[in-house]
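For the sequence shown, our numbering gives the first residue as 67, with consecutive numbering after it.
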Amino acid sequence: MVASPAIAELVGAGAHIIWRRLDLPGHDACRLWSEGAQWRLEGMAVWADALGPAQLAYEVSVDEDWITHSARIMGRVGKRALSLSVHRGEAGEWRVNGEAVPEVSGLRDIDLGFTPATNTLPIRRMRAARQDSADIAAAWLDPEDWRLKPLPQHYERQGDAWRYAAGSGFSTTITIDGDGLVTDYPPLWTQEV
């Protein structure tokens, strides 16, 4: 689905998408673009959380190999305010608001558990390497407690789609667009624009 010229003008250059959440009322608007040798994901997710209305803005920066450098998450979930600044050092060490998170040391990807946007990172890296499957572990931001945790994941290309399985037991078939952005992620997300 192609966005209208008015929407394209609002979000600027790069790829953009709006997802509708399927498990709860909610949406996520995301933009992907390059800045020199780096890529950036930027978005805003809103949904009806069990704790109350949720609104989270996010920014993720990755290098030309699609390896995470940093992420920022800001907003509210119910009455709880969130402001997380995540950094991955050159040696693979992760910090959240300056505090080391050794459990995810050495991992290359961040997985923001409240948006399908970050599934783009390993898929883009695998497509660039012409890899049809990979087992990875991501630094997963768990929406239950907003802490980074290691999450084993498996991606396998199936034609134009990707089979995704997480160590938590969840699995689905993800479809993507030409930019590597998720278009369908049943039973959680689907593309609206």
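Ideal Cβ positions, reconstructed from N, Cα and C, are used throughout, including at glycine.
For residue i, the three-state DSSP class (helix, strand or coil)
i, result
"Pro-252", "coil"
"Ala-157", "coil"
"Ala-137", "strand"
"Ala-79", "coil"
"Val-162", "strand"
Residues that DSSP places opposite residue i in a beta bridge
i, result
"Pro-168", "Answer is none; Pro-168 lacks a bridge partner."
"Gly-234", "Sequence check: residue 234 is Ser here, not Gly. Looking at the DSSP assignment, Ser-234 forms no beta bridge with any residue, so it has no partner."
"Trp-113", "Gly-92 and Ala-120"
"Thr-181", "Paired residues: none, contrary to the question."
"Glu-108", "Arg-97 and Glu-125"
"Trp-132", "None; Trp-132 has no bridge partner."
"Leu-150", "Ile-139"
Limits of the beta strand (DSSP E) - the one that residue i falls within
i, result
"Leu-178", "175–178"
"Asp-99", "With the sequence shown as reference, residue 99 is identified as Trp, and Asp is not the correct amino acid for it. 92–101 is the span of the beta strand (DSSP E), which, as asked, contains Trp-99."
"Pro-218", "213–224"
"Ala-204", "199–208"
Burial state of residue i, where buried means 16 or more other Cβ atoms lie within 10 Å
i, result
"Arg-146", "exposed"
"Arg-213", "exposed"
"Gln-224", "exposed"
"Pro-252", "exposed"
"Gly-246", "buried"
"Asp-129", "exposed"
"Arg-87", "buried"
"Leu-187", "buried"
"Gly-109", "buried"
"Ala-204", "buried"
"Arg-190", "buried"
"Ala-79", "exposed"
"Arg-196", "exposed"
Other residues of its chain near residue i: CB distance less than 6 Å, five sequence neighbours each side excluded
i, result
"Met-140", "Ala-123 and Ser-149"
"Leu-107", "Leu-98, Val-126 and Ala-183"
"His-220", "Asp-201 and Ala-231"
Span of the alpha helix (DSSP H) around residue i
i, result
"Leu-187", "186–194"
7 Å CB neighbourhood of residue i in its chain, flanking five on each side removed
i, result
"Gly-179", "Trp-206, Leu-207, Asp-208 and Pro-209"
"Ala-227", "Thr-239, Ile-240 and Thr-241"
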